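In what follows, a structure is listed as structure tokens, so that the remarks can point back to it.
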Amino acid sequence: MKLKDFRTFFNNELSELYPKKEIDAFFFRSVEAILDLQIMDVFMKENTNIEKENLAVLQIITGRLKLEEPIQYILGTTEFYGYTFNVNPGVLIPRPETEELISWVKETYSNNSEKLSILDIGTGSGCIAITLKKEIVSAEVSAMDISEKAIKTATKNASLNKVAVNFIQHDILSTTHIENTFDVIVSNPPYVRNLEKEEIKNNVLNNEPHLALFVEDDNPLIFYKRIADFAKDNLKQAGSLFFEINQYLGTETKQMLLDKGFKDVVLKKDLFGNDRMIKANF
Ligand SMILES: C[S@@+](CC[C@H](N)C(=O)[O-])C[C@H]1O[C@@H](n2cnc3c(N)ncnc32)[C@H](O)[C@@H]1O
């Protein structure tokens with residue numbers, strides 16, 4: 001089959017499920033991964049015949065997209081802050097909002113000459129911990145997750161990106177004390193309430209780990225409260241806590257931190273104008 005004919009097949013198969021722009025993005029990601037073609041090549045080589053084995057793989061990808069599997073899990077990788085991360089259904093696919101959290105941490109310490117110690121809680125693929133280590137080279141970075149699969153994936157991602165991060169498999173909800181103290185504690189914990197499930201697309205709901213996403217409606221800040229208490233014991237003097245937050249719970253999260261005695265609490269919006277991040281000092 002010629003490349004242009006496969007593109008027509010791909011569009012036809014997926015047109016009822018996804019907007020055209022998204023189908024184009026899937027197409028270019030797939031042909032780049034399987035045929036090693038960049039966007040410009042696709043136009044120049046549209047009459048090239050696709051080899052039989054490659055065509056079979058591309059057809060499998062098309063079938064899995066029809067089942068609404070995320071392209072990142074199908075191809076096994078994603079890009080985050082310009083770095084490549086392996087992903088699988090055991091870890092959340094890193095989101096663009098989380099890149100904004102990284103930028104905020106980075107900006108905060110741009111004039112810092114001290115060697116920072118950083119802890120990322122709920123590390124998943126390791127995207128926050130590994131990116132911070134790449135961007136703030138002198139920092140000493142640790143990362144925690146309850147999930148064995150997450151710790152394994154994050155460990156591989158640290159090797160892939162050639163950085164050293166100290167990974168710990170731990171349940172933050174039952175961690176009362178750990179030895180170290182940190183200049184920065186950062187976390188993007190589970191924060192989607194069950195009542196928000198209706199807003200979640202099928203490809204997320206049916207494929208991404210619920211352990212990484214959901215919290216009970218009657219205690220949506222469970223992780224934030226626990227991590228705040230942990231931070232009170234484990235932040236160094238003048239240390240800071242950074243959270244990615246549920247956009248609907250900005251005011252409540254800010255108030256919870258103030259009630260626990262945090263100061264300089266700053267709520268920040270993401271590029272879409274939603275309350276998405278909080279920084280606080282203790
Ligand atoms: C929203 S995901 C964030 C993943 C990653 N940091 C990111 O930003 O893409 C939340 C993470 O918290 C982890 N988690 C859930 N419950 C936990 C617990 N009790 N203790 C530690 N980590 C937990 C999940 O396994 C998941 O990796």
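Counting from 1, one number per residue, gives the positions in the sequence shown under full-length UniProt numbering. For every residue, glycine included, the Cβ atom is placed at its ideal position computed from N, Cα and C. Computed from a predicted structure; not experimentally measured.
Leaving out five residues before and five after residue i in sequence, what residues of the same chain have Cβ atoms less than 6 Å from its Cβ?
i           : result
residue 308 : Residue 308 lies beyond the residue range present for the chain, which begins at 1 and ends at 282; the question has no answer from this structure.
Asn166      : Ser142
Arg64       : Ile74
Lys197      : none
Glu100      : Asp270
Between residue i and residue j, what straight-line distance do the alpha-carbon atoms span, to the nearest angstrom?
i           : j      : result
Val163      : Glu135 : 11 Å
Lys45       : Ala150 : 39 Å
Leu195      : His210 : 14 Å
Lys20       : Ser125 : 29 Å
Ile71       : Ile61  : 8 Å
Thr253      : Asp270 : 16 Å
Pro190      : Lys2   : 45 Å
Glu140      : Asp183 : 10 Å
residue 283 : Phe242 : There is no way to answer for residue 283, as the model of the chain reaches only from 1 to 282.
Thr175      : Ile227 : 10 Å
His177      : Ile168 : 13 Å
Asn206      : Asn112 : 43 Å
Leu116      : Ser138 : 7 Å
Glu68       : Glu114 : 46 Å
Leu173      : Phe223 : 7 Å
Lys106      : Asn202 : 34 Å
Asp229      : Val57  : 49 Å
Leu17       : Gln59  : 16 Å
Glu244      : Pro96  : 12 Å
Asn180      : Phe9   : 56 Å
Asp218      : Thr98  : 25 Å
Asp145      : Asn188 : 11 Å
Ala25       : Asn11  : 11 Å
Asn274      : His170 : 31 Å
Asn157      : Phe272 : 29 Å
Using C-beta distances below 8 Å, list every residue in its chain close to residue i, excluding the 5 sequence neighbours before and after it, in chain order.
i      : result
Val192 : Ile200, Leu213, Phe214, Val215 and Asn246
Phe282 : Ala231, Lys232, Leu235, Gly239, Leu241, Gly261, Phe262 and Lys263
Trp104 : Phe242, Lys268, Met277 and Lys279
Phe28  : Ile39 and Val42
Thr48  : Lys2 and Leu3
Asn54  : Ile34 and Leu35
Ser15  : Ile23
Gly76  : Asn86, Val87 and Asn88
Glu208 : Pro70, Pro89, Leu92 and Ile93
Round the Cβ separation of residue i and residue j to the nearest angstrom and send it over; I've been treating them as touching at under 8 Å.
i      : j      : result
Gly90  : Thr155 : Wrong, their Cβ atoms sit about 12 Å apart, outside the cutoff.
Lys52  : Glu13  : In fact, because the Cβ distance is near 19 Å, the residues do not count as touching under 8 Å.
Thr131 : Ile102 : 5 Å
Leu221 : Leu258 : In fact, because the Cβ distance is near 13 Å, the residues do not count as touching under 8 Å.
Ile34  : Phe6   : That belief does not hold up - the Cβ atoms of Ile34 and Phe6 are roughly 11 Å apart, past 8 Å.
Tyr83  : Asn161 : 6 Å
Excluding sequence positions up to five away, which residues of its chain have a Cβ less than 7 Å from the Cβ of residue i?
i      : result
Thr78  : Gln72, Phe85, Val87, Ile93 and Pro94
Val204 : none
Val31  : Leu37 and Val42
Ser147 : Gly90 and Leu211
Lys225 : Met256
Phe81  : Here residue 81 turns out to be Tyr, not Phe, going by the sequence shown. Only Glu99, Ile102 and Thr131 meet the Cβ criterion.
Lys133 : Ala139, Val141, Val163 and Val165
Taking 9 Å as the CB-CB cut-off, is residue i touching chain B?
i      : result
Asn180 : Among the protein chains of the structure shown there is no chain B, as only one such chain exists.
*Could you pull out every unbroken alpha helix (DSSP H) segment of at least 4 residues lying fully inside the UniProt domain "Methyltransferase small" (114-203), listed in chain order?*
127-135 and 148-160
*In chain order, each beta strand (DSSP E) run of at least 3 residues that lies wholly inside the segment 198-272*: 235-244 and 263-269
*For the segment 27-68, which segments carrying the alpha helix (DSSP H) assignment without a break, of at least 4 residues, lie completely within its bounds, in sequence order?*
39-44 and 52-66
*Which ranges would you report for the beta strand (DSSP E) in the segment 72-97 if only whole runs of at least 3 residues count?*
77-80 and 83-86
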